[in-house]
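A quick write-up on the structure given underneath.
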Amino acid sequence: MAGHSKWKNIRIRKGKQDAIRGKTFTKLGREIIVAAKMGGGDPSMNPRLRVAIEKAREASVPADNIKRSIARGTGELEGVDYEEIIYEGKGPGGSAIVLECYSENRNRTVAEVRHAFTKAGGALGENGSVMWQFKHVGQIEVVRGSLDEEEFTLQALDAGAEDVVSDDETFTVYTSIGDLHKVNGALEAAGIKTQEVTLTYMATNKTELSSDDAARLLRLLDALEDLDDVQETHVNVDITEEMLQEA
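So the sequence shown is numbered by our numbering: it starts at 9 and just counts up by one.
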C-alpha cells in the first residue's frame with residue numbers, strides 16, 4: 009500500500025490541484041457522515057469517526073464543515089443519506105481491487121464503477137471474489153528520515169503493531185483496527201512524527217504485472233478515483249516509480 013500512496017501523491021502533483029482539493033473535501037465530509045451514522049457522533053467512542061476527523065483536519069477541512077458532517081451523520085441535521093458500499097473487481101493482469109464507495113444512489117454508482125472496469129479491461133466482481141486477498145487493518149505512515157529501521161520496527165511492535173514494512177522514503181505500520189490509535193499515540197509519545205493514520209485494506213496476496221498491464225491498471229485506478237462516489241481504492245500490486253514513469 010505504500011506504493012499505492014506514492015501513486016496517489018504523484019497524481020496530485022501532476023493534476024488539477026484545486027479540483028482535487030475540492031473533491032477531497034467532499035469525500036472527507038462523506039466519510040465523516042457515514043462514520044457518525046454507523047458508530048455515533050462521539051469520536052472518543054467511535055474509532056472510525058476519530059480517523060475520519062483527523063484526516064479532515066490534516067486536509068484543512070474547516071471545523072464547521074466537520075461539525076455539520078457529524079450532525080448529518082447522527083441525524084441532527086437533514087442532508088443526503090449516504091450508504092457505504094464495498095465493490096470488488098479484477099483489473100488488468102489478474103490484479104485485485106477493492107473499492108470503498110459512499111453513495112446516495114446505488115444503481116448509479118454500480119453502473120459507473122462497472123463502466124470504468126470494463127473500459128480498462130477489468131471486470132466488476134461479486135462480493136468475496138477478491139476480498140480474500142486483503143485484510144482490513146489500521147495503517148500509520150512515518151517518514152524514514154534519520155530513523156533506524158530496526159529500532160523503529162521494535163518500537164512499533166512493542167507499541168502493539170502487527171507489522172512494519174518500509175521503502176526508501178516511508179515506514180508503513182499495520183495494526184489491528186482496535187489498536188490503531190493506541191499504537192499511534194505510543195509512537196508520538198516517543199517523539200516520532202506520524203503522518204497518515206487511517207483504516208485500509210492491506211493486500212495479503214500480491215500480483216506482479218507486465219509493463220503493459222501495469223499501465224492499464226494505473227489508467228483504471230485513475231478512472232475509479234475520478235468517480236465522485238469512490239472514496240478509496242485498494243489494489244494488490246506494489247506500484248513502483250518505474251511503473252509511474254512508464255504510464
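By construction, the Cβ of each residue, glycine as well, lies at the ideal position given by its N, Cα and C atoms.
About 6 Å separates the beta carbon of Val59 from that of Thr206, a gap short enough to meet the 8 Å contact definition. Burial check for Thr215: the Cβ neighbour count within 10 Å reaches 16 or more, so the residue is buried. With fewer than 16 other Cβ atoms inside 10 Å of its own Cβ, Glu134 counts as exposed. Ser219 sits exposed, since fewer than 16 C-beta atoms from the chains shown fall within 10 Å of its C-beta. The three-state reading of DSSP puts Ser111 in strand, counting E and B together. Below 8 Å, enough C-beta pairs join the region 134-154 and the region 102-109 to call them touching: three or more. Taking 8 Å as the upper bound for CB-CB distance, Ile93 and Arg114 are in contact here, some 6 Å apart. A direct Cα-to-Cα measurement between Ala119 and Asp230 gives close to 17 Å.
Taking the C-beta atoms as reference points, Glu159 is found no nearer than 9 Å to Thr202. The beta carbon of Ala79 sits closer than 6 Å to those of Leu85, all from its chain and outside the five residues before and after it, given in chain order.
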